[in-house]
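Numbering (the working numbering), first residue to last: -15 to 306. Taking it in order: structure first as structure tokens, then the write-up.
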């Protein structure tokens, strides 16, 4: 609204716009709200077309890549950013996409695209820091590509780095020691639950095996856990998850699942009428309940606060340090 009041051309895009466009009536709603939208990832060619139309004052209502288009991962203009302004100022992206199709995620099922090793090498030369984060959606989704193309480049750089991957990918490919020798010192792992089997390729036992391997190699583990994803968890079960995190993780991200636009969990909730309305999109970030549950909103909010408070107790912090 502010942009329109100032006669500034506006086009909306990004993951939530893509997801919303996949829902019934979503594209029409987006066009009414923004006037112009892009409902796919961008290629350099599509970005040029959008910028050209913008300069000419002729933005179309809808832009999208063809269904069979490939996404080219190019080297970003790092000079446009000031790394000191960001918590993770130095990032790189070796790949984009994932084939896991997790019901709470909006990444899976839209293709997997790889950055050329030569581009990775050139990009690493622009990173003037000893540590960086690879922000691939699922770093080891293509283990062959990682082994043959990514890890040799990272090892050659001599830098330390961290990334996000799944328990299954680490175990199936026996990656922990190889990651460590290539400079990896931090792994963010989407565990989601250790009391329910949300994914046939992940379990509590598998997670514990990966964490033990990481401890032996000196790799810090951050684990992501969702407290109310199934709709029928009890207080006791959620506290079991918290106890497990305190015992096993260096850092933990606790959250309530956000029904993100386009994800399977949201579509199911819309069909069953269990989405909490009205939809306040500022609360769809994991810190607020977005779906109905046997536990009330207040109960889940208190359990989420309890998770972080207990995990951050001084004695637990000291135990992890030691």
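Built from N, CA and C at the ideal position, the CB exists for glycine as well. This one's a predicted model, so the numbers in the text were calculated from it and none came from an experiment.
Could you give the C-beta distance for residue 3 and residue 246, rounded to a whole number, given that I count them as a contact under 8 Å? The sequence position of residue 3 within the chain shown is 19, counting from 1. The sequence position of residue 246 within the chain shown is 262, counting from 1. Sure, about 2 Å apart at Cβ, within 8 Å.
Whether residue 79 touches residue 62 by CB criterion (7 Å): Numbered from its first residue, the chain shown carries residue 79 at position 95. Numbered from its first residue, the chain shown carries residue 62 at position 78. Taking 7 Å as the Cβ cut-off, residue 79 and residue 62 do not qualify as a contacting pair.
Measuring alpha carbon to alpha carbon, tell me which residue in 286, 281, 273 and 232 is nearest residue 301. Position 317 of the chain shown holds residue 301. Put simply, of 286, 281, 273 and 232 the residue whose alpha carbon is nearest the alpha carbon of residue 301 is 232.
Can you look up residue 40 in the DSSP assignment and give me helix, strand or coil? Within the chain shown, the letter at position 56 stands for residue 40. Here residue 40 sits in coil by DSSP.
Would DSSP call residue 6 helix, strand or coil? Along the chain shown, read from residue 1 onward, the residue named residue 6 stands at position 22. Looking at residue 6 - three-state DSSP - the assignment turns out to be coil, as it is neither helix nor strand.
Among 170, 115 and 208, whose alpha-carbon lies nearest the alpha-carbon of residue 88? As a working note, residue 88 is residue 104 in the chain shown. Per the Cα distances, 208.
Give a yes or no on whether 7 Å exceeds the smallest Cβ distance from residue 6 to chain C. The chain labelled as chain C is not found in the depicted structure, where only one protein chain is given.
Looking at residue 194 and residue 234, is the spacing between their C-beta atoms short of 7 Å? For the purposes of this step, residue 234 is identified with residue 250 of the chain shown, where counting begins at 1. For the purposes of this step, residue 194 is identified with residue 210 of the chain shown, where counting begins at 1. Contact flag unset, no.
Based on Cα-Cα distance, which residue from 276, 112, 138 and 120 lies nearest to residue 91? Reading the chain shown from its first residue, position 107 is the one you call residue 91. Cα-wise, what sits closest to residue 91 is 120.
Other residues of its chain near residue 49: CB distance less than 8 Å, five sequence neighbours each side excluded: On the chain shown, position 65 is the one that residue 49 refers to. 24, 25, 26, 27, 30 and 55.
CA-to-CA distance, residue 214 to residue 273, given in whole angstroms: For the purposes of this step, residue 273 is identified with residue 289 of the chain shown, where counting begins at 1. For the purposes of this step, residue 214 is identified with residue 230 of the chain shown, where counting begins at 1. Rounded to the nearest whole angstrom, the CA to CA distance from residue 273 to residue 214 is 13 Å.
CB residue 333 to CB residue 294, shorter than 7 Å? Outside the displayed span of the chain (-15 to 306) sits residue 333, for which this structure offers no information.
Could you tell me which of 224, -11, -9 and 8 sits nearest to residue 251, measuring between CA atoms? Working through the chain shown from its first residue, we reach residue 251 at position 267. For residue 251, the closest alpha carbon among the candidates 224, -11, -9 and 8 is that of 8.
Counting pairs of beta carbons, one from the region 124 to 131 and one from the region 149 to 166, are three or more of them closer than 8 Å? The region 124 to 131 vs the region 149 to 166: in contact.
Residue nearest to residue 85 in terms of C-alpha spacing, selected from 65, 51 and 125: Position 101 of the chain shown, counted from the start, is the residue given in the question as residue 85. Per the Cα distances, 125.
Would you mind sorting residue 153 into buried or exposed? The rule is 16 or more other CB atoms within 10 Å of its CB. Position 169 of the chain shown holds residue 153. Buried: at least 16 other Cβ atoms inside 10 Å.
Considering only residues of the same chain and omitting the five flanking positions on each side of residue 288, which have a CB-CB separation below 8 Å? Start at 1 with the first residue of the chain shown, and residue 288 comes out as number 304. If the five residues before and after residue 288 are omitted, its C-beta is found closer than 8 Å to the C-beta atoms of 211, 238, 239, 240 and 271, all from its own chain and listed in chain order.
Secondary structure at residue 210, three-state DSSP: helix, strand or coil? Translated into positions along the chain shown, residue 210 becomes position 226. In the three-state DSSP reduction, residue 210 falls in the strand class (E or B).
Taking 7 Å as the threshold (C-beta atoms), are residue 236 and residue 242 in contact? Numbered from 1 along the chain shown, position 258 holds the residue referred to as residue 242. Numbered from 1 along the chain shown, position 252 holds the residue referred to as residue 236. Between residue 242 and residue 236, the C-beta gap is not smaller than 7 Å, which leaves the two residues out of contact.
Report the rounded CA-to-CA distance for residue 165 versus residue 43, giving the unit in angstroms. The residue labelled residue 165 in the question sits at position 181 within the chain shown. The residue labelled residue 43 in the question sits at position 59 within the chain shown. Answer to the nearest angstrom: the Cα atoms are 49 Å apart.
Can you tell me the Cβ-Cβ gap for residue 171 and residue 198, rounded? I've got them flagged as a contact below 8 Å. Taking the first residue of the chain shown as 1, we reach residue 171 at position 187. Taking the first residue of the chain shown as 1, we reach residue 198 at position 214. Contact between residue 171 and residue 198 holds: their C-beta atoms lie close to 6 Å from each other, under 8 Å.
Go through the region 194 to 271 residue by residue and report every complete run of the beta strand (DSSP E) that reaches 3 residues or more, in order. Whole beta strand (DSSP E) segments, 3+ residues: 204 to 210 and 235 to 239.
Looking at the structure shown, is residue -8 part of a helix, part of a strand, or coil, going by DSSP? Here the question's residue -8 lines up with position 8 in the chain shown. Judged by DSSP in its simplified three-state form, residue -8 adopts coil rather than helix or strand.
Residues sharing a beta bridge with residue 80, DSSP: Here residue 80 refers to the residue found at position 96 of the chain shown. Answer is 97, bridged to residue 80.
Going by beta carbon distance, what residues of the same chain come within less than 8 Å of residue 21, once the five residues before and after it are set aside? Locating residue 21 in the chain shown gives position 37, counting from the first residue. So the list reads -5, -4, -3, 1, 5, 11, 14, 15, 45, 46 and 47, once near-sequence residues are dropped.
Buried or exposed for residue 96, please, with buried defined as at least 16 other CB atoms from any protein chain shown within 10 angstroms of its CB. For this step, residue 96 is matched to residue 112 along the chain shown. Taking all protein chains in view, the Cβ of residue 96 is crowded by 16 or more other Cβ atoms within 10 Å, so the residue is classified as buried.
DSSP on residue 278, reduced to helix/strand/coil? Locating residue 278 in the chain shown gives position 294, counting from the first residue. DSSP places residue 278 in coil when its eight states are reduced to three.
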